[in-house]
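Written below as structure tokens is the structure these notes are about.
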Amino acid sequence: MGSTISPSSGEYLLEMRGINKSFPGVKALDNVNLNVRPHSIHALMGENGAGKSTLLKCLFGIYQKDSGSIVFQGKEVDFHSAKEALENGISMVHQELNLVLQRSVMDNMWLGRYPTKGMFVDQDKMYQDTKAIFDELDIDRPHR
Numbered sequence: 007m008g009s010t011i012s013p014s015s016g017e018y019l020l021e022m023r024g025i026n027k028s029f030p031g032v033k034a035l036d037n038v039n040l041n042v043r044p045h046s047i048h049a050l051m052g053e054n055g056a057g058k059s060t061l062l063k064c065l066f067g068i069y070q071k072d073s074g075s076i077v078f079q080g081k082e083v084d085f086h087s088a089k090e091a092l093e094n095g096i097s098m099v100h101q102e103l104n105l106v107l108q109r110s111v112m113d114n115m116w117l118g119r120y121p122t123k124g125m126f127v128d129q130d131k132m133y134q135d136t137k138a139i140f141d142e143l144d145i146d147r148p149h150r
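Count along the sequence shown starting at 1, add 6, and that's the number in this note's numbering.
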């Protein structure tokens, strides 16, 4: 994927440095930096058109950045598809996401990307992976 790079301070899970992205007539991202520490929760907020979705789409492989670097888990990465990003542990919750109110939290978390065993949804893996995420985030709520 890319060369191994020591994060500047060794404390970040994700570093996006000097990210630039332009579309015809629009500079969507201008030297943007984002650092994410492990085991933390972040919110990316701003006005409409500020570049939030564009930045994350560059990370997720939906858009290709014009310049800058992305370091994930100490390795420089440059994903060229959402599938490639998912395979490397990057997931994105799109702002247009509509929850399915009749389904569980767990089902909504995995919507469209259920773990499978053969042709079937692997319910045990889905439960264990959800439990691991809840435990990591110290969420003590039923998820089924």
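Cβ atoms here follow ideal geometry from the backbone N, Cα and C, with glycine treated the same way.
In this structure, residue 61 places its C-beta atom within 8 Å of the C-beta atom of residue 35.
Counting along the chain, residue 94 sits inside no beta strand (DSSP E), nor does DSSP assign it H or E at all. A straight line joining the alpha-carbon of residue 111 with that of residue 145 spans about 12 Å. One alpha carbon belongs to residue 37, the other to residue 59, and they sit about 15 Å apart. Inter-residue distance for residue 131 and residue 44 is about 23 Å (C-alpha atoms, whole angstroms). Bounds of the alpha helix (DSSP H) holding residue 140 are 129–142. In this structure, the CA atom of residue 78 is about 29 Å from the CA atom of residue 129.
Annotation for residue 115: 136 place their beta carbon closer than 7 Å to its own, counting only its chain and skipping 5 residues before and after. Ranked by Cα distance from residue 48, the first of 72, 71, 20 is 20. Residue pairing of residue 58 in beta bridges, as defined by DSSP: absent, with no partner found. Membership of residue 22 in the beta strand (DSSP E) is indicated by the continuous run 20–29.
Per DSSP, residue 113 is one residue of the alpha helix (DSSP H) stretching across 111–116.
When the alpha-carbon of residue 24 is set against those of 73, 64, 33, 120, the nearest one is in 73.
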